[in-house]
Each structure stands twice: as structure tokens, then as C-alpha cells.
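Number of protein chains: 2
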Amino acid sequence: MDGTRRATRENLGFLLAKASQHWNELLAAGFARHGFAEVRPSYGSVLVPLFEGDGLRMGELAWRSHVSKQTMTTLVRLVERDGLVARRRDPDDGRATRVHLTDRAKAFRPIAEKTLAELDAAVRARLGGSEARSLHGALKELMSL
Amino acid sequence: MDGTRRATRENLGFLLAKASQHWNELLAAGFARHGFAEVRPSYGSVLVPLFEGDGLRMGELAWRSHVSKQTMTTLVRLVERDGLVARRRDPDDGRATRVHLTDRAKAFRPIAEKTLAELDAAVRARLGGSEARSLHGALKELMSL
DNA sequence: GTAGATTAGTCCGATATCGGACTATTATCC
DNA sequence: GGATAATAGTCCGATATCGGACTAATCTAC
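As they're listed, the protein sequences go chains F and L.
Going by the working numbering, 45 is the number at position 45 of the first sequence; the sequence numbering is gapless.
Going by the working numbering, 144 is the number at position 144 of the second sequence; the sequence numbering is gapless.
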């Protein structure tokens, strides 16, 4: 029967994975087009919280972006390698590290917002505002399964 | 403004990534509950095509599952390690490798279908059939951006 | 004020995925 | 039938992510 085949071959899991991949490719291409080819989509987990408050700690960044501390360690290393942040030891707590934006990252901020807005506009152009909102809602519902 | 904040912090990309992650966790938990804890969600890329035609080649598997040949090489190694497939050299083409299901994999097939059906049912119970179909459609639309 | 608990961050190893470069084999074409 | 092209698969290194175990520093309670 077709039902079973569709359940395995056009699986919701498959669609979610591919859509996520595709989104990230579009985002990276957008950043590159605007002169920030070194910025990977995942860097958002570091940069976005810092745009709202520079100098946060590793653990705080991980918590705000809903990733593990291990992931944040790896990620900050890459973002630092690419010159967008710098780490400094916290003077008040010898265990902690504070992460600071560089000028390059500050220059990137409007580009990030613009690229995101462009992508959102493209999605709305394709799906329509109502279906786009309903997609949003459906994804959040899935998370509570 | 709130619009910008939502665009960056409750990003569609973020939701897609997290929903995909969550789906895979649910799937792995389901397999484990039914006695196949060793089966990872990604193994579907190997097993599903083989359920429809055992003994396919690496490249054919990669093509059918829309992953790269490199990914398939890695994946088949893991699936073989876990005892679900065996590789044999193709007698008609010395470059090619054919992948065959083991008895354990054949025993897993109905479990896979059952678990997938359970998950689909849970999604429909949460979203309703119409919103579930529209989610499906919206994700496919995204892929053509 | 020191012993024990907690916290911050990293190291290690695993899964999952890709692009580029490579090797081995087969096919093609004069 | 031998040079060249194409194909099958793997190796290497990269990104992205996690859990468990570890180290170093701080806090807590006596």
C-alpha cells in the first residue's frame, strides 16, 4: 500500500531534516552575498545573545541558545577563530569566561537582520502569511510531543 | 522592536532544527521501547531502500535517500557494526559493493513501520489531520525556495 | 578556615553530515 | 588492445551537536 511507503519515504522526520539543512544553506548564501562568507548559520547561537548583551559567559550563552555547554565551547572557538568574538577571563570569578563582540561582529549585526528579513520575506512570498504563521505554530506544537 | 527580536530568537531555522532533533529523539525512544535500542534514526537511509529491494549498491542507496556517497559510506559502516546489514563485493563489477539485510534487520521492519505509524498518529492527535497535511506541504514548499 | 558540595568550562569520544581529493575498476574509442 | 574517460567507493578534514568524565575555582557549613 501507498500509505506505508509514504510513511517511510516521505517521512515527517525526513522533511524536517532536509528543510532545516536547506534553510541553513540559504542563510549562509545570504551572508556570503553580503560580504560575510565566514559567518556560519550556527554562529547565531553565539552572536544573537551577545547582540542583546555583550560580555556574557559561556554557560549563559548556552542556556539562552538552548544548546549544551560542550556545543558552546566548540562554537565559540570557531567564532573566535573567524574573528567575531574574543574571550576574556572573568575578573570576579576565576572559573568563568566572558565573550565579547569584535568590531567585525558589530558590523555584521545589520547584515544578519537584513538577511533574516529577506529570508522571512521569501518564505511569506512562497507560503503566504497565514500558512507561514501556521507552520511556525505547528513546529512549536511538535516540540511538545 | 519585537518583530526583529522574534526574527532572530524564534527564527524559523531554529524551529526547524529543534523540531528535527526532537523528532529523532522520539523515534529512537520508540525503537528502544520495542527492543531495538541499537537502531538510530539515521539508519533509515540505509534500511528503508533495502526493505524495498535488498542488495542495492552504496551509490544507489545514497541516491535514493538523498544523502552523499560519503555519508552513506559512514552510515553503512555503523549499520553493519550493529549487525543489521552485511556488505558483499559485487561479482559483476569490481568497484561496486552490494548491501544486504540481516535477519535482525528483517525482524526490525515491522517495528519500524509500527513506530513510524505511532509517531504519525501522535502528530495527527496533536495537530489534527488537516494541519498535519498542511505542515507537510509547507515543508516541501520551503525546499523549493 | 578547611572539608565537601556546587558550578564553569573543557576534554574525549560518538553520531550525523558534507566537499574535495584519491584509488581501483570498468568502459570507450581510435 | 592500450590510452583515456567515467564511475564506485573510500579517506581526510570540516562543521554541528551531544553525553560523560574531568579540572579548577568558588561557595557553604560547620
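Glycine included, each C-beta is placed from N, C-alpha and C at the ideal position.
Since the structure is predicted, the reported quantities are computational estimates derived from the model, not experimental observations.
Of all alpha-carbon atoms in L:Gly55, L:Leu16 and L:Ile111, the one lying nearest the alpha-carbon of Gly30 (chain L) is that of L:Ile111.
Counting only runs that start and end inside the segment 55-125 of chain F, the beta strand (DSSP E) elements of at least 3 residues fall at 85-89 and 97-101. Chain-order list of chain F residues neighbouring Gly53 (chain L): empty, with the shortest C-beta distance near 13 Å, by a criterion of under 9 Å. Note that the segment 114-132 of chain L does not touch the segment 98-114 of chain F; fewer than 3 beta-carbon pairs, one per stretch, sit closer than 8 Å. Each of F:Trp63, F:Thr97 and F:Leu12 was checked against the Cα of Leu26 (chain L), and the nearest Cα belongs to F:Leu12. A residue is called buried once 16 or more other Cβ atoms fall within 10 Å of its Cβ, and Ser20 (chain L) is buried on that count. The DSSP-derived three-state label of Glu131 (chain L) is helix.
In this structure, Ser68 (chain F) keeps its C-beta atom at 8 Å or more from the C-beta atom of Pro49 (chain F).
By the Cβ rule, the segment 39-48 of chain F counts as touching the segment 69-88 of chain F, because three or more pairs are nearer than 8 Å. Assigned with DSSP and collapsed to three states, Val48 (chain L) falls in helix. Residue-level contact by beta carbon fails for Leu75 (chain F) and chain L, as no gap is shorter than 8 Å.
In the DSSP assignment, Ala32 (chain L) falls within the unbroken alpha helix (DSSP H) covering Leu12 to Arg33. For Met72 (chain L), none of the residues of chain F pass the 7 Å Cβ criterion, the least Cβ distance being about 15 Å. Flagged as an interface residue toward chain F: His22 (chain L), by a C-beta distance shorter than 8 Å. A check of alpha carbon separations from Glu10 (chain F) across L:Leu139, L:Leu145 and L:Ala122 identifies L:Leu139 as the nearest. The Cβ of Lys69 (chain L) sits no closer than 8 Å to any Cβ of chain F. With fewer than 16 other CB atoms across the displayed protein chains lying within 10 angstroms of its CB, Met143 (chain F) is exposed. In the three-state reduction of the DSSP assignment, Leu145 (chain L) falls in the coil class.
The beta carbon of Val123 (chain F) sits closer than 7 Å to the beta carbons of Ala132 from its chain, once the five residues preceding and following it are set aside; these are given in chain order. The beta carbons of Leu145 (chain L) and Arg126 (chain F) sit about 6 Å from each other, so the pair counts as a contact at 8 Å.
Considering only beta carbons, the part of the segment 55-67 of chain L lying closer than 8 Å to chain F consists of His66, in chain order.
In terms of beta-carbon proximity, Leu135 (chain L) lines the interface with chain F, with at least one pair separated by less than 8 Å.
Contact between Ala105 (chain L) and Leu84 (chain L) holds, since their C-beta atoms are separated by about 4 Å, short of 8 Å. Within the same chain, Cβ atoms closer than 7 Å to the Cβ of Gly59 (chain F) are found at Lys69, the five residues on either side in sequence being excluded. For Ala138 (chain L), the three-state secondary structure derived from DSSP is helix.
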